[in-house]
Structure formats: structure tokens, C-alpha cells
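The sequence shown begins at 2 in the working numbering and counts up by one.
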Amino acid sequence: MSVSFRHSAGFGKRMEYKLVGDMLMEGLDCYLPLVDDHGVDCVIKKSDGTFIEIQIKARSSEVAEGDAALFSAIVHEYRPNFYFVFYSERLKMMWIMSSEEFLKECVTNKNGKNAGKHSIWFNGNKMNSVTGKREEYCKPQFEKYICKDFSRFY
Numbered sequence: 002m003s004v005s006f007r008h009s010a011g012f013g014k015r016m017e018y019k020l021v022g023d024m025l026m027e028g029l030d031c032y033l034p035l036v037d038d039h040g041v042d043c044v045i046k047k048s049d050g051t052f053i054e055i056q057i058k059a060r061s062s063e064v065a066e067g068d069a070a071l072f073s074a075i076v077h078e079y080r081p082n083f084y085f086v087f088y089s090e091r092l093k094m095m096w097i098m099s100s101e102e103f104l105k106e107c108v109t110n111k112n113g114k115n116a117g118k119h120s121i122w123f124n125g126n127k128m129n130s131v132t133g134k135r136e137e138y139c140k141p142q143f144e145k146y147i148c149k150d151f152s153r154f155y
């Protein structure tokens with residue numbers, strides 16, 4: 002087993018723990034399911050006593066250029082009180098979306114092996130006129146979902 006495989010195989014789980022740790026540091030009450038049968042990485046008890054379910058998706062800085070915030074082949078149907086936390090290591094950006102927001106903004110594959118699965122691509126790629134290098138950026142329609150903290154869950 003190579004080091005790069007170990008890194009990529011464990012990246013998602015490490016990012017789940019990192020982001021849950023960040024939530025705990027903000028004072029959120031987080032509970033981690035022992036099994037991941039329903040796409041729930043974390044359950045949060047809000048201050049009003051209600052619970053929300055969280056799925057965390059993360060992209061490594063090692064993904065192909067232009068794909069820093071591409072999340073694809075996501076199986077999801079609308080669920081109330083369900084949120085996605087998307088994180089791009091290379092862009093150092095986090096987007097938080099409710100189930101409803103995600104389904105409104107995503108693309109659903111119509112055919113092929115991933116028919117019915119959803120994708121969302123938060124970043125674009127453009128040429129920097131000063132440096133002459135390509136740069137990734139958050140597409141304007143997704144800027145409203147950028148979060149620096151987890152206040153959506155308070």
C-alpha cells in the first residue's frame with residue numbers, strides 16, 4: 002500500500018473529524034453515528050432542542066486542476082433538517098447547504114452509470130491577467146453559501 006493511497010483513502014474521514022472538531026470548538030453539541038448507512042456523518046442538537054443531520058464532503062488539494070470544489074455522484078433525496086458541509090482544501094473554502102438548497106442548485110445526471118446521482122461544482126477556473134496563471138475561484142452563484150463558521154446550525 003502506497004503512502005498516497007493511504008492519504009487519499011483516509012482524507013475524507015480525517016476531514017470529517019477536523020470539521021466536527023471545529024463544530025465542537027464553536028460549542029455545538031455533536032454526535033457521531035457508529036455506522037454511516039444513511040449518509041449522516043454528524044448529528045447536531047440545536048439550542049432549541051431539535052436535531053439536524055449533517056453530511057460532510059471534502060476535496061483534497063491534490064485533485065486535478067480545476068476540480069478543487071467538484072463534488073459528484075452524490076446520492077440524495079430531499080430530507081428536512083438535513084445539511085451538507087462541503088469543504089475544499091485547496092480553496093480553503095466551506096459551503097453549507099440545506100437539503101433543499103442542494104437539490105435546487107445541483108445537477109442531476111440523466112443517464113449513464115451515475116444516472117439519478119447529483120453533482121455540484123462550486124468553482125470555476127480563469128486566467129489571472131497579472132500572473133498569466135490559471136486560478137480557481139468560487140462561482141458567484143455559490144458565494145451565498147460560503148461559511149466561515151457553523152452559525153447556520155446554532
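Where is the CB? At the ideal position from N, CA and C, for every residue including glycine.
Glu136 is bridged by DSSP to Lys127. In this structure, Pro81 is the residue among Pro81, Ser61, Asp68 and Gly113 with its C-alpha nearest to the C-alpha of Phe52.
Rounded to the nearest whole angstrom, the CA to CA distance from Glu90 to Leu71 is 12 Å.
The beta strand (DSSP E) runs of length 3 or more contained entirely in the region 8-48 are, from start to end of the chain, 30-32 and 43-46.
Closest in C-alpha terms to Glu144, from the list His77, Val131 and Trp96, comes Trp96. Leu71: member of the beta strand (DSSP E) spanning Leu71 to Ile75, first to last residue. Selection Glu78, Gln56 and Met16 evaluated against Val108 yields Glu78 as nearest (Cα-Cα). In the three-state reduction of the DSSP assignment, Tyr88 falls in the strand class.
Scanning its chain for C-beta atoms nearer than 7 Å, with the 5 sequence neighbours on each side dropped, one finds around Leu20 the residues Ile57, Val86 and Tyr88, in chain order. Proximity to Glu101 across Ser130, Met128 and Tyr146 peaks at Tyr146, based on C-alpha coordinates. The DSSP-derived three-state label of Lys105 is helix. Taking every protein chain shown into account, the CB of His119 has 16 or more other CB atoms within 10 angstroms, so this residue is buried. Annotation for Phe83: Glu54 and Ser100 place their beta carbon closer than 6 Å to its own, counting only its chain and skipping 5 residues before and after. Around the beta-carbon of Ala74, fewer than 16 other beta-carbon atoms lie within 10 Å, marking it exposed. By the Cβ neighbour-count rule, Asn124 is buried, with 16 or more other Cβ atoms within 10 Å of its own.
A straight-line Cα-Cα distance of about 32 Å links Tyr32 and Ala116.
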